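Trainee:
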Amino acid sequence: MRHPPPRGTVPTVNKLKFGVDLFDIEISLALGEEVTETLDSGAPARFYGYLLLRRPKGGDLTQKDFERNFLFDEIQYSPDAPAGPYGRVGQAIVSDPDELKLHRTMDDIVRFNEAGGA
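For what it's worth, numbering that gives the first Met the number 0 labels the leading residue of the sequence shown as 0, then goes sequentially.
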């Protein structure tokens, strides 16, 4: 089952995917400034996905465990940190030029996270 990304992550993924910084645009518009960024209407060269990482129910994972098994554009995983919304103790961004392959990779990461790396 696919879920939309958490709303706070959309600007980050859009910047990676399309090169547009929505945070800068929002601030410029709020200040009454003109938007100076050029919007590229072409198809993105890569597709990006954002994952919330949780403590597994069984087993222990470290950030290194994730990094040994998958390639990430960005990852932050702190299993000892207090859990945030949805049990989140980390997040990751992954990408691929093939959207179907990206979805498979994301599914693999979710299964890895849930199983505690097993």
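Quick reminder that beta carbons are idealized off the backbone N, C-alpha and C, glycines included.
Nothing here was measured: the structure is a model prediction, and the numbers come from that model.
(1) What are the start and end residues of the beta strand (DSSP E) that includes S77?
(2) Okay, do the segment 47-61 and the segment 90-106 touch, 3+ Cβ pairs below 8 Å being the bar?
(3) How big is the Cα-Cα spacing for D72 and T35?
(4) Got a sec, what are the start and stop residues for the beta strand (DSSP E) A91 sits in?
(5) Just verifying my parser: in three-state terms, what is the DSSP assignment at R53?
(6) On the DSSP letters alone, give me the boundaries of the alpha helix (DSSP H) that P104 sits inside.
(7) Between the alpha carbons of Q62 and V19, how many angstroms are there, rounded?
(8) For Y76, which of L51, Y85 and F69 has the nearest alpha-carbon?
(9) To the nearest angstrom, how far is it from the Cα of D97 to the Cα of G41?
(10) Please report how far the alpha carbon of L57 lies from the alpha carbon of I92, in whole angstroms.
(11) To the nearest angstrom, how far is it from the Cα of D107 to the Cα of D23?
Mentor: Checking against the coordinates, here is how it stands:
(1) As a working note, residue 77 is residue 78 in the sequence shown. Looking at the DSSP string, S77 is not in any beta strand (DSSP E), and its letter there is neither H nor E.
(2) Short answer: they touch.
(3) The residue given as residue 72 occupies position 73 in the sequence shown. The residue given as residue 35 occupies position 36 in the sequence shown. When rounded, the distance between both Cα atoms is 27 Å.
(4) Counted from its first residue, the sequence shown places residue 91 at position 92. Unbroken beta strand (DSSP E) run through A91: R87 to D95.
(5) The residue you call residue 53 lines up with position 54 of the sequence shown. Here R53 sits in strand by DSSP.
(6) By 1-based counting over the sequence shown, the position of residue 104 is 105. A quick correction: the sequence has Thr, not Pro, at residue 104. Run containing T104: E98 to A114, per the alpha helix (DSSP H) assignment.
(7) As a first step, residue 62 is located in the sequence shown; it is residue number 63 there, counting from the start. As a first step, residue 19 is located in the sequence shown; it is residue number 20 there, counting from the start. Spanning the two alpha carbons is a distance of roughly 29 Å.
(8) As a first step, residue 76 must be located in the sequence shown, where it is residue number 77. Looking from the CA of Y76, the closest CA among L51, Y85 and F69 belongs to L51.
(9) The sequence position of residue 97 within the sequence shown is 98, counting from 1. The sequence position of residue 41 within the sequence shown is 42, counting from 1. One C-alpha to the other measures close to 16 Å.
(10) The sequence position of residue 57 within the sequence shown is 58, counting from 1. The sequence position of residue 92 within the sequence shown is 93, counting from 1. First, the residue type needs correcting, since residue 57 is Gly and not Leu in the sequence shown. Rounded to the nearest angstrom, the two C-alpha atoms are 24 Å apart.
(11) The count along the sequence shown starts at 1 and reaches residue 107 at position 108. The count along the sequence shown starts at 1 and reaches residue 23 at position 24. C-alpha separation (whole angstroms): 33 Å.
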